[in-house]
Amino acid sequence: MISDSQVQFLEIFGDRNHKWESQEDILKLSRFYLYDQVKVLESALDVLDRSTTRIQCFDSKTKEGDIIRSFWKVPGTRRDSDNPYVCTETGCNCVRYSELARAADTMLTPFCKHRIACYLATALDLVDYIQISEEEFAQQLASSSVVGIESANNIGRNKFTRAHYS
Ligand SMILES: [Zn+2]
65 MISDSQVQFL EIFGDRNHKW ESQEDILKLS RFYLYDQVKV LESALDVLDR STTRIQCFDS
125 KTKEGDIIRS FWKVPGTRRD SDNPYVCTET GCNCVRYSEL ARAADTMLTP FCKHRIACYL
185 ATALDLVDYI QISEEEFAQQ LASSSVVGIE SANNIGRNKF TRAHYS
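In this note's numbering, the protein residues as written are 65 to 230.
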């Protein structure tokens, strides 16, 4: 569980247009801001270290090229798990995330190592970006059972409607 200011900090890492001076800076900043989340931060770095494939980010875009919504596939760290975890802007389909989401604390935001790994990987330039259609996007997510997906779907759909019919 992380605080609002920690969420805001991670969102800076999530800005893919931001170019960072060095990996060292990114790691130092993340240790500073996530000082009380050392365990999950280390686990997130472990995901990046141990995975043999890069994190994939799937974007559905408008005709104008604006991103409607995105989801990420984060490789598992266990050798026997071929299935990547699926993260959205508001959730993840791992067990840990659903546990955190159930522990109702309105002051804090649930964050698992996969979601933190997505933000770190974006800052560290370790993400492959793939453009897919809105139909493919909906299909992929429907089969991934991500907790917190409903709100993400709604946000996406509203934006999509506006972009196409306004
Ligand atoms: Zn997760």
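Note that the Cβ used here is the ideal one computed from N, Cα and C, for glycine as well.
- Evaluate Phe96 with the Cβ neighbour count: other Cβ atoms within 10 Å of its Cβ, from every protein chain shown; 16 or more gives buried, anything less gives exposed. exposed
- Give a single yes or no on whether Cys176 has its beta carbon closer than 7 Å to a heavy atom of ligand 1. Yes, Cβ of Cys176 sits closer than 7 Å to a heavy atom of ligand 1.
- Nearest to Ile131 (by Cα), restricted to the options Asp110, Ala167, Tyr193: Distances from the CA of Ile131 to each of Asp110, Ala167, Tyr193 were compared; the closest alpha carbon is that of Tyr193.
- Task: Express the C-alpha separation of Leu164 and Asp89 in angstroms, rounding to a whole number.
- Result: 29 Å
- Message: Within 10 Å of its beta-carbon, does Arg178 have 16 or more other beta-carbons around it, so buried, or fewer, so exposed?
- Response: The amino acid at residue 178 is misidentified as Arg; the sequence shows His. Answer is buried; the Cβ neighbour count reaches 16.
- Item | Closest by C-alpha distance to Lys103, when choosing among Met65, Asp79, Trp136 | Met65
- Buried/exposed call for Ala185, threshold 16 Cβ in 10 Å: The residue in question, Ala185, is buried, as its Cβ has 16 or more Cβ neighbours within 10 Å.
- Message: Tell me the rounded alpha-carbon separation between Asp168 and Glu198.
- Response: Residue 168 is actually Ala in this sequence, not Asp. Their backbone Cα atoms lie some 32 Å apart in a straight line.
- Message: With a threshold of 7 Å (Cβ to nearest heavy atom), would Arg231 be considered close to ligand 1?
- Response: No statement about residue 231 is possible, as the shown extent of the chain runs from 65 to 230 and does not include it.
- Message: To the nearest angstrom, how far is the alpha carbon of Phe77 from that of Ser124?
- Response: 20 Å
- Length of the line joining the Cα atoms of Asp113 and Leu190: 11 Å
- Between the Cα of Cys158 and those of Ile180, Thr170, Met171, Leu172, spot the shortest distance and give me the residue it belongs to. Ile180
- Item | Span of the beta strand (DSSP E) around Tyr193 | 191–196
- Around the Cβ of Ser134, are there at least 16 other Cβ atoms within 10 angstroms (buried) or fewer (exposed)? buried
- Strand pairing of Arg160, partner residues [DSSP]: None; Arg160 has no bridge partner.
- Taking 7 Å as the cut-off, does the CB of Tyr161 come closer than this to any heavy atom belonging to ligand 1? yes
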